[in-house]
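Student:
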Amino acid sequence: MSELKKVSSNPHIRSKVTTSSIMLAVVVALLPAAGFGIYNFGLDALILIAVTVATTVITEYTYEKFMGKDITIGDYSAVVTGLLLGLNLPSTAPWWIGAVGGVFAILVVKMLFGGLGQNFMNPALAGRCFLLISFTSIMTNFDCDAYTGATPLAALKNGESVNVLDMVIGRTSGTIGETSMIAIVIGACFLVLLGVIDLRISGSYILSFIVFLCLFGGHGMDAAYISAHLAGGGLMLGAFFMATDYVTRPITKAGQYVFGILLGCLTGIFRLFGPSAEGVSYAIIIGNLLTPLIEKATLPKAFGTKGGKRA
């Protein structure tokens, strides 16, 4: 009986798109940001990225081998998690920080909840938030050989002036992968052209954040102020590469717009009124936790029903 397969009635929809092809496309799209981060911060950045990717892949393989499950590292999802985690770390962090974050992201957030497709929040962001809470001083130290002092967002929050052009190009301090807006947008355009992501979540996230800034930022529609907030921190990286995660985003189209608006408002609240200059990671994590409620509220009614009951 255990060998019997359950076959549902037709029609069956098939697609040539696979998990591995999607994840591989995301890896390629992240290469510009990763490459610029290594160029910007040097060998330390390369070591951290290598450690996080190796740790996530090895952790997933070891868990599945030990538990007698099918080995799934060939779908590249662990590589994406490791790469995103590495890009969300400061280059000054020691290598073991990347290893601890990688183990937490894969083992606790992903594998213990059933593996790919079952995790309730983005593993890379969950790993980063875990590290931020556990090792705050290390995770908020951005002083390196190339840059010293506060990050542009911290300077902006303190009322200081910032160089927006440097922020767009990436000649600033910050985490390894968040500094260059140009590199991130290049990768995002690649995913949009391939059809891997669309602009429902990313667009509504960014637009709602801009509206929030105009209403509550105290600078009105100041283009320089808005541009600095868009180019600074992890907003672009989060909007295009983490908020759009297939597993943790709403599946309904209306829900995706609601999700994006929620993230924009939460990011605005954290940045403008919170103690930290950033807020993208926590905004997306909270959005992930609210995804089931958003889906329930925006799920279309079945044909032939009224108010959730059969007509």
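According to the working numbering, the sequence shown is numbered sequentially starting from 39.
Where a beta carbon is used, it is the ideal one built from N, C-alpha and C, also for glycine.
1) Can you tell me whether Ser351 is buried or exposed? The criterion is at least 16 other CB atoms within 10 Å of its CB, across all chains shown.
2) Give me, in chain order, the residues of the same chain whose beta-carbon lies closer than 7 Å to that of His257; leave out the 5 immediate sequence neighbours on both sides.
3) Who pairs with Pro128 in a beta bridge, going by DSSP?
4) Taking the Cβ atom as the reference point for each residue, do Arg166 and Gly139 lie within a distance shorter than 9 Å?
5) Straight-line CA distance for Ser211 to Ala88?
6) Exposed or buried, what is Tyr114 when buried is set at 16 or more other beta-carbons lying within 10 Å of its beta-carbon?
7) Under the rule that 16 or more other beta-carbon atoms within 10 Å means buried, what is Asp181, buried or exposed?
8) Just reading off the alpha helix (DSSP H) that Gln294 is part of, what are its end residues?
9) So, does the stretch 320-329 touch the stretch 197-206, judging by three or more C-beta pairs under 8 Å?
10) Among residues of its own chain, excluding the 5 on either side of Ile85, which ones have a beta-carbon nearer than 7 Å to its beta-carbon?
11) Tell me whether the beta-carbon of Thr90 lies closer than 9 Å to the beta-carbon of Gly120.
12) With DSSP as the reference, label Ser175 as helix, strand or coil.
13) Note down the Cα distance separating Ala226 from Leu69, rounded to an integer number of angstroms.
14) For Thr286, count neighbouring Cβ atoms within 10 angstroms of its own Cβ and tell me buried if that reaches 16, exposed if not.
15) Kindly confirm or deny that the stretch 139-156 and the stretch 302-316 touch, where touching means at least three C-beta pairs closer than 8 Å.
16) Whose C-alpha, out of Ile307, Leu62, Val141, is nearest the C-alpha of Cys252?
17) With DSSP run on the structure shown, which of helix, strand or coil describes Ile235?
18) Just the C-alpha distance for Val64 and Val118, rounded to the nearest angstrom, thanks.
19) Under the three-state reduction of DSSP, which class applies to Gly155: helix, strand or coil?
20) Could you compute how far the alpha carbon of Met61 sits from the alpha carbon of Ile248?
21) Please name the residue, chosen from Met280, Thr305, Leu301, that lies closest to His267 on a Cα-to-Cα basis.
22) Out of curiosity, what's the CA-to-CA distance linking Val141 and Asn126?
23) Tell me the rounded alpha-carbon separation between Thr93 and Ile111.
24) Using a Cβ distance threshold of 8 Å, determine whether the stretch 281-297 contacts the stretch 332-340, with at least three qualifying pairs required.
25) When DSSP labels each residue in this structure, what does Ala266 get in the three-state scheme?
26) Which whole-angstrom value is the C-beta distance of Leu123 and Ala137, which I expect to be below 8 Å?
27) Residues in the same chain with beta-carbon distance under 6 Å from Met219, minus the five sequence neighbours each way, listed in chain order, please.
28) Within the continuous alpha helix (DSSP H) that includes Lys334, where are the two ends?
29) So, using beta-carbon positions, are Ile322 and Met280 closer together than 9 Å?
30) Note the first and the last residue of the continuous alpha helix (DSSP H) segment covering Leu150.
31) Taking only the alpha-carbon atoms, compute the straight-line gap between Val146 and Met177 and give it to the nearest angstrom.
32) Measure the CB-CB distance between Ile235 and Thr282 and report whether it falls below 9 Å.
33) How many angstroms separate the CA atom of Phe173 from the CA atom of Ser319?
Tutor: The structure says:
1) With the chain covering only 39 through 349, there is no way to say anything about residue 351.
2) Here the question's residue 257 lines up with position 219 in the sequence shown. The answer, listed in chain order, is Tyr263.
3) Here residue 128 corresponds to residue number 90 of the sequence shown, with the count starting at 1. Answer is Thr213.
4) Taking the first residue of the sequence shown as position 1, residue 166 is located at position 128. Taking the first residue of the sequence shown as position 1, residue 139 is located at position 101. Cβ distance < 9 Å, so Arg166 and Gly139 count as in contact.
5) Working through the sequence shown from its first residue, we reach residue 211 at position 173. Working through the sequence shown from its first residue, we reach residue 88 at position 50. The alpha-carbon atoms of Ser211 and Ala88 are separated by roughly 20 Å.
6) The sequence position of residue 114 within the sequence shown is 76, counting from 1. By the 10 Å Cβ count, Tyr114 comes out buried.
7) Stepping through the sequence shown from its first residue, residue 181 is reached at position 143. Exposed, since its Cβ has fewer than 16 Cβ neighbours within 10 Å.
8) In the sequence shown, the residue the question calls residue 294 occupies position 256. First-last of the alpha helix (DSSP H) with Gln294: 291-311.
9) no
10) Position 47 of the sequence shown, counting from 1, holds the residue named residue 85. Around Ile85: Trp133.
11) Translated into the one-based positions of the sequence shown, residue 90 becomes position 52. Translated into the one-based positions of the sequence shown, residue 120 becomes position 82. A contact, by the Cβ cut-off of 9 Å.
12) Counting from one through the sequence shown, the residue named residue 175 turns up at place 137. Ser175 falls in the helix class under three-state DSSP.
13) As a first step, residue 226 is located in the sequence shown; it is residue number 188 there, counting from the start. As a first step, residue 69 is located in the sequence shown; it is residue number 31 there, counting from the start. Ala226 and Leu69: Cα-Cα distance of roughly 11 Å.
14) Counted from its first residue, the sequence shown places residue 286 at position 248. It is buried - the Cβ of Thr286 has at least 16 other Cβ atoms within 10 Å.
15) no
16) Counting from one through the sequence shown, the residue named residue 252 turns up at place 214. Cys252 has its Cα closest to that of Ile307, out of Ile307, Leu62, Val141.
17) The sequence position of residue 235 within the sequence shown is 197, counting from 1. In the structure shown, Ile235 sits in coil (DSSP, three-state: anything other than H, G, I, E or B).
18) Along the sequence shown, read from residue 1 onward, the residue named residue 64 stands at position 26. Along the sequence shown, read from residue 1 onward, the residue named residue 118 stands at position 80. Cα to Cα, the separation comes out at about 7 Å.
19) The residue labelled residue 155 in the question sits at position 117 within the sequence shown. If DSSP states are grouped into helix, strand and coil, Gly155 belongs with coil.
20) Working through the sequence shown from its first residue, we reach residue 61 at position 23. Working through the sequence shown from its first residue, we reach residue 248 at position 210. Cα-Cα distance, rounded: 30 Å.
21) Taking the sequence shown and counting its residues from 1, the one referred to as residue 267 is at position 229. The shortest Cα separation from His267 among Met280, Thr305, Leu301 belongs to Thr305.
22) Sequence index remark: in the sequence shown, residue 141 carries index 103 (1-based). Sequence index remark: in the sequence shown, residue 126 carries index 88 (1-based). Roughly 15 Å between the two C-alpha positions.
23) The count along the sequence shown starts at 1 and reaches residue 93 at position 55. The count along the sequence shown starts at 1 and reaches residue 111 at position 73. Between Thr93 and Ile111, the C-alpha separation is close to 12 Å.
24) Per the Cβ contact rule, the stretch 281-297 is in contact with the stretch 332-340 (3 or more Cβ pairs under 8 Å).
25) For this step, residue 266 is matched to residue 228 along the sequence shown. DSSP places Ala266 in helix when its eight states are reduced to three.
26) Mapped onto the sequence shown, residue 123 falls at position 85. Mapped onto the sequence shown, residue 137 falls at position 99. Incorrect: roughly 10 Å between the Cβ atoms, too far for contact.
27) Along the sequence shown, read from residue 1 onward, the residue named residue 219 stands at position 181. Result list for Met219: Val206, Ala269, Met274, in chain order.
28) To locate residue 334, count along the sequence shown from 1; it is residue 296. 318-336 is the extent of the alpha helix (DSSP H) around Lys334.
29) Taking the sequence shown and counting its residues from 1, the one referred to as residue 322 is at position 284. Taking the sequence shown and counting its residues from 1, the one referred to as residue 280 is at position 242. Contact flag set, yes.
30) Here residue 150 corresponds to residue number 112 of the sequence shown, with the count starting at 1. Judged by DSSP secondary structure, Leu150 falls outside any alpha helix (DSSP H); it is assigned neither H nor E.
31) Along the sequence shown, read from residue 1 onward, the residue named residue 146 stands at position 108. Along the sequence shown, read from residue 1 onward, the residue named residue 177 stands at position 139. Near 20 Å, if we compare the C-alpha coordinates of Met177 and Val146.
32) Here residue 235 refers to the residue found at position 197 when the sequence shown is read from its first residue. Here residue 282 refers to the residue found at position 244 when the sequence shown is read from its first residue. Closer than 9 Å, so yes.
33) To locate residue 173, count along the sequence shown from 1; it is residue 135. To locate residue 319, count along the sequence shown from 1; it is residue 281. Going from the Cα of Phe173 to the Cα of Ser319 covers about 16 Å.
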